[in-house]
Amino acid sequence: MITQPDHVPERLALLPASAVDTFLTEELLRGEQVHGGIDLAKVVEELPEDDARWWVEPIRSLVEDAMFEFREDRTRADAWLAPRLHATLRLTRREAADKRLWNHLALAVAPDYVAWRHLREPTARHPERRIAAERFRGPADRQCFSRLWWAAELFRNGPDYGPVEIACGNQDLIHTVLRLDLIDHRPTAQALVRLLERGTVTTGREINGLSAAINAAGATLIYDVLAPDEPRNPARLREWIDEAASAPPVGRHELPEGPDEDPVPEESVDALTAYFTELFETAPIRGRKNGD
Amino acid sequence: MKIYPYKRLNRPITLRVTSVSLRLPDGTRDRLETTAYSTQQQAVALGIAGHDDWSSATIGLSATLPPGADAPDAAWSDLRVLAVLTDGETNVRTSTELTRDTENGRDWSGSVEVLRDDHLGRASLAVYAVGTVDGVRGRSIAETDRSWVVDTVSDEPVRGLRLEVQKASFSRSSRDWLRVYADAPWVVDTSARVPTVFVNTDVEGVMGLLDSKGSGVDSKVRDLLVAQMATDVWTAVFHSAIGDLEVEPGSGPVFPTDWQGEVLREMLPDVVPGVHVEEALRQVHRRRTGESGWAELQTRIHYAAVRRAEASRALGYVIRALEQMNRESET
Numbered sequence: 001m002i003t004q005p006d007h008v009p010e011r012l013a014l015l016p017a018s019a020v021d022t023f024l025t026e027e028l029l030r031g032e033q034v035h036g037g038i039d040l041a042k043v044v045e046e047l048p049e050d051d052a053r054w055w056v057e058p059i060r061s062l063v064e065d066a067m068f069e070f071r072e073d074r075t076r077a078d079a080w081l082a083p084r085l086h087a088t089l090r091l092t093r094r095e096a097a098d099k100r101l102w103n104h105l106a107l108a109v110a111p112d113y114v115a116w117r118h119l120r121e122p123t124a125r126h127p128e129r130r131i132a133a134e135r136f137r138g139p140a141d142r143q144c145f146s147r148l149w150w151a152a153e154l155f156r157n158g159p160d161y162g163p164v165e166i167a168c169g170n171q172d173l174i175h176t177v178l179r180l181d182l183i184d185h186r187p188t189a190q191a192l193v194r195l196l197e198r199g200t201v202t203t204g205r206e207i208n209g210l211s212a213a214i215n216a217a218g219a220t221l222i223y224d225v226l227a228p229d230e231p232r233n234p235a236r237l238r239e240w241i242d243e244a245a246s247a248p249p250v251g252r253h254e255l256p257e258g259p260d261e262d263p264v265p266e267e268s269v270d271a272l273t274a275y276f277t278e279l280f281e282t283a284p285i286r287g288r289k290n291g292d
Numbered sequence: 001m002k003i004y005p006y007k008r009l010n011r012p013i014t015l016r017v018t019s020v021s022l023r024l025p026d027g028t029r030d031r032l033e034t035t036a037y038s039t040q041q042q043a044v045a046l047g048i049a050g051h052d053d054w055s056s057a058t059i060g061l062s063a064t065l066p067p068g069a070d071a072p073d074a075a076w077s078d079l080r081v082l083a084v085l086t087d088g089e090t091n092v093r094t095s096t097e098l099t100r101d102t103e104n105g106r107d108w109s110g111s112v113e114v115l116r117d118d119h120l121g122r123a124s125l126a127v128y129a130v131g132t133v134d135g136v137r138g139r140s141i142a143e144t145d146r147s148w149v150v151d152t153v154s155d156e157p158v159r160g161l162r163l164e165v166q167k168a169s170f171s172r173s174s175r176d177w178l179r180v181y182a183d184a185p186w187v188v189d190t191s192a193r194v195p196t197v198f199v200n201t202d203v204e205g206v207m208g209l210l211d212s213k214g215s216g217v218d219s220k221v222r223d224l225l226v227a228q229m230a231t232d233v234w235t236a237v238f239h240s241a242i243g244d245l246e247v248e249p250g251s252g253p254v255f256p257t258d259w260q261g262e263v264l265r266e267m268l269p270d271v272v273p274g275v276h277v278e279e280a281l282r283q284v285h286r287r288r289t290g291e292s293g294w295a296e297l298q299t300r301i302h303y304a305a306v307r308r309a310e311a312s313r314a315l316g317y318v319i320r321a322l323e324q325m326n327r328e329s330e331t
């Protein structure tokens with residue numbers, strides 16, 4: 001297994017996708033060898049000097065802790081890392097939508113984490129040990145770090161990362177739901193977490209069936225009316241971002257606190273939870289006999 | 001046509017933007033000129049006044065419901081009208097209720113807030129009329145048939161694909177990867193956020209030609225060159241969009257939410273004519289990943305690209321200009 005590159009940059013930067021290929025070698029995808037870091041540093045676009053958020057050290061230390069803590073069960077690292085990465089790397093959605101940032105994090109800062117978390121053991125169908133390239137450079141819901149950041153952003157309830165932990169504890173949920181538009185509606189996200197928490201849905205098939213049913217019903221129902229959300233106050237997020245410079249490292253045992261935004265109205269979550277439960281009971285789920 | 005299991009209005013809602021203003025960091029507002037939005041293009045360009053430090057934009061809206069929304073025998077009650085702003089790139093969805101202008105009128109108005117921190121490129125804006133039908137709350141009974149495009153960067157309200165042109169000396173560029181293309185006059189990069197054409201300034205005179213104005217042969221040649229570049233771009237973006245498709249188990253490929261989706265929706269009707277874009281997407285995906293038919297499709301992809309680049313027109317003008325020049329030199 002690879003270790004971190006010899007040269008790890010001190011600050012995050014932007015790595016354009018067109019420059020990625022040189023470093024995304026076969027050896028790296030097999031988890032055998034990583035680039036040295038020096039050449040990569042030459043092709044990045046720097047981020048503003050005076051912004052404390054771009055220091056690499058807090059992120060490096062987080063991923064190292066994750067690799068140690070979850071060495072026996074790597075998938076469990078997602079639920080631990082997602083809220084902590086989100087609270088460490090305080091971004092606006094505008095910044096988080098820039099894939100160059102995530103390219104840099106995965107290739108320059110922590111390729112060893114990507115390999116540790118996503119190196120697939122050989123199977124009968126794929127006889128080679130391999131990391132999917134999309135874990136380094138790929139869609140937001142697949143890339144190693146951006147999927148965690150977005151999961152935390154979309155499932156947090158205001159400052160509360162509790163729901164993120166629950167959502168990320170279920171690989172099927174973040175795998176299926178992160179790519180769907182339905183998750184952009186905050187009450188929908190919270191209602192999904194509640195169903196998971198109650199054990200109403202657990203397996204991948206159940207989650208697939210439920211999200212397909214929510215999507216289908218959403219073609220004629222406007223969830224914003226069934227379950228209204230409060231408008232967000234952008235100043236709260238800005239304040240939280242400005243505090244990044246003075247914030248202590250995120251707790252390793254306790255959950256950190258997110259931006260002090262209003263939580264989703266409770267009535268809205270209740271209404272949707274009830275509605276989804278009903279939908280789920282009548283939805284066709286593979287492997288489930290109707291009338292169970 | 002979609003079939004709905006309940007009664008709806010069968011005509012779409014029309015949506016117009018009536019004003020746009022930006023909130024600046026010092027707390028003041030800049031009300032943008034009407035050139036910031038275009039009803040014909042159904043697009044808003046927030047970059048038009050050159051501010052790059054605005055914090056939010058307020059877009060004033062007016063929506064007209066189709067006739068029948070208030071009919072005494074209507075199948076719905078609790079009529080409400082909602083403007084919904086979405087952005088697939090940043091997973092933003094915000095909705096705002098509009099209010100009726102006059103009692104029993106068909107016009108509703110209100111405004112939506114666009115937060116700059118929430119968008120990197122484009123958002124889209126749709127309006128829904130929602131009511132309670134057969135005891136079910138929240139039913140959509142009519143909507144806009146085409147969403148408005150809200151571009152947070154652009155300085156021109158157009159909805160078509162935005163393309164960036166950058167010039168660089170390929171042999172000396174700080175972009176290392178360009179060096180291997182030092183002998184090419186231009187290359188297309190589709191991996192960036194918006195497709196980008198890099199023009200190689202090492203080719204002497206190329207920038208002069210591209211910047212040429214007026215009505216001479218030069219400008220006709222320039223247009224032909226631009227059409228050639230555009231053909232390359234359209235072909236490349238189509239391929240990269242098709243190559244990156246995500247496939248939903250059970251239901252097939254899904255349209256990407258960014259510019260790649262826009263490109264596919266625009267080109268597919270020329271690539272696989274006569275079917276819905278969803279079906280066209282499935283067919284193209286099947287041909288690319290299946291055993292046969294991908295090579296045969298290339299001509300159609302090229303055709304779709306050439307049409308978009310308006311290559312025939314550019315070629316026609318060049319030929320005419322050359323004929324004219326030859327005639328003049330003979331006499």
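Chains as they are written, first to last, in UniProt numbering: chain A, 1 to 292; chain B, 1 to 331. Cβ atoms here follow ideal geometry from the backbone N, Cα and C, with glycine treated the same way.
Closer than 8 angstroms by C-beta to residue 253 of chain B: which residues in its own chain qualify, once you throw out the five before and the five after it? Chain order, please.
245, 246, 247, 281, 282 and 285
Member of A:156, A:151 and A:162 whose CA lies at the smallest distance from the CA of residue 178 of chain A:
A:151
Assigned secondary structure, residue 99 of chain A (DSSP; H/G/I helix, E/B strand, else coil):
helix
CB of residue 148 of chain A within 8 angstroms of CB of residue 85 of chain A, strictly
yes
Count the CB pairs spanning the stretch 110-118 of chain A and the stretch 27-36 of chain A that are closer than 8 angstroms, and state whether there are at least three.
yes
Based on Cα-Cα distance, which residue from B:328, B:94, B:92 and B:81 lies nearest to residue 105 of chain B?
B:81
Look at the alpha carbon of residue 293 of chain B and the alpha carbon of residue 183 of chain A, and state the distance between them as a whole number of angstroms.
37 angstroms
Length of the line joining the Cα atoms of residue 299 of chain B and residue 310 of chain B:
16 angstroms
Reduced DSSP category for residue 255 of chain B - H, G, I as helix; E, B as strand; rest coil:
coil
C-alpha distance - residue 115 of chain B paired with residue 249 of chain A, whole-angstrom precision:
29 angstroms
Once you ignore the five residues that flank residue 140 of chain B on each side, which residues in its own chain have a CB closer than 8 angstroms to its CB?
8, 128, 129 and 130
From residue 206 of chain A to residue 154 of chain A, what does the alpha carbon distance come to, in whole angstroms?
21 angstroms
Going by DSSP, name the residue or residues bridged to residue 31 of chain B.
B:21
How is the alpha helix (DSSP H) around residue 273 of chain A delimited, first residue to last?
266-282
With a cut-off of 8 angstroms, do at least 3 Cβ pairs link the stretch 36-55 of chain B to the stretch 154-170 of chain B?
yes
Run of the beta strand (DSSP E) containing residue 200 of chain B, from where it starts to where it stops:
196-200
Taking the alpha-carbon of residue 213 of chain A as reference, which of A:8, A:41 and A:285 has the nearest alpha-carbon?
A:285
Using a threshold of 8 angstroms, state whether the C-beta atoms of residue 158 of chain A and residue 263 of chain A are closer than that.
yes
Please list, in chain order, the chain A residues whose beta carbon lies closer than 9 angstroms to that of residue 84 of chain B.
222 and 224
In chain B, which residues lie with their C-beta within 8 angstroms of the C-beta of residue 154 of chain A?
91
Please return the same chain residues whose Cβ sits closer than 7 angstroms to the Cβ of residue 208 of chain A, not counting the five positions on each side in sequence.
176
Contact with chain B by residue 184 of chain A, beta-carbon distance below 8 angstroms:
yes
State the start and end residues of the unbroken beta strand (DSSP E) segment that holds residue 168 of chain B.
164-168
Should residue 123 of chain A go down as buried or exposed, given a rule of 16 or more other Cβ atoms within 10 Å for buried?
exposed
Where in the stretch 206-277 of chain B do unbroken runs of the alpha helix (DSSP H), each at least 4 residues long, occur, reported from the N-terminal end onward?
206-211, 217-243 and 259-271
For chain A, check one thing: does any of its Cβ atoms lie closer than 8 angstroms to the Cβ of residue 15 of chain B?
no
According to DSSP, simplified to helix, strand and coil, what is residue 82 of chain A?
helix
Going by DSSP in three states, residue 63 of chain B sits in which element: helix, strand or coil?
strand
Taking DSSP as the reference, what is the three-state secondary structure of residue 89 of chain B?
coil
Cα-Cα separation, residue 8 of chain A to residue 16 of chain A:
18 angstroms
Counting only beta-carbon separations shorter than 8 angstroms, does residue 138 of chain B have a partner in chain A?
yes
Examine chain B for any beta-carbon lying closer than 8 angstroms to the beta-carbon of residue 98 of chain A, and answer yes or no.
yes
Residue 371 of chain B and residue 18 of chain A look like a contact to me (Cβ under 8 angstroms); what is the Cβ gap, rounded to whole Å?
Nothing about residue 371 of chain B can be reported from this structure: the residues present for chain B run from 1 to 331 only.
Give every residue of the same chain whose Cβ lies closer than 7 angstroms to the Cβ of residue 318 of chain B, excluding the five residues on either side of it in the sequence, and list them in chain order.
220, 221 and 224
Residue 291 of chain A in three-state terms, based on DSSP:
Reliability fails at residue 291 of chain A, whose pLDDT of 47 lies under 50, so the model's placement of it is uncertain and the value that follows must be treated cautiously. Note: residue 291 of chain A maps to coil in three-state DSSP.
In chain order, what residues of the same chain have a beta carbon less than 6 angstroms from the beta carbon of residue 141 of chain A, not counting five sequence neighbours either side?
147, 178 and 179
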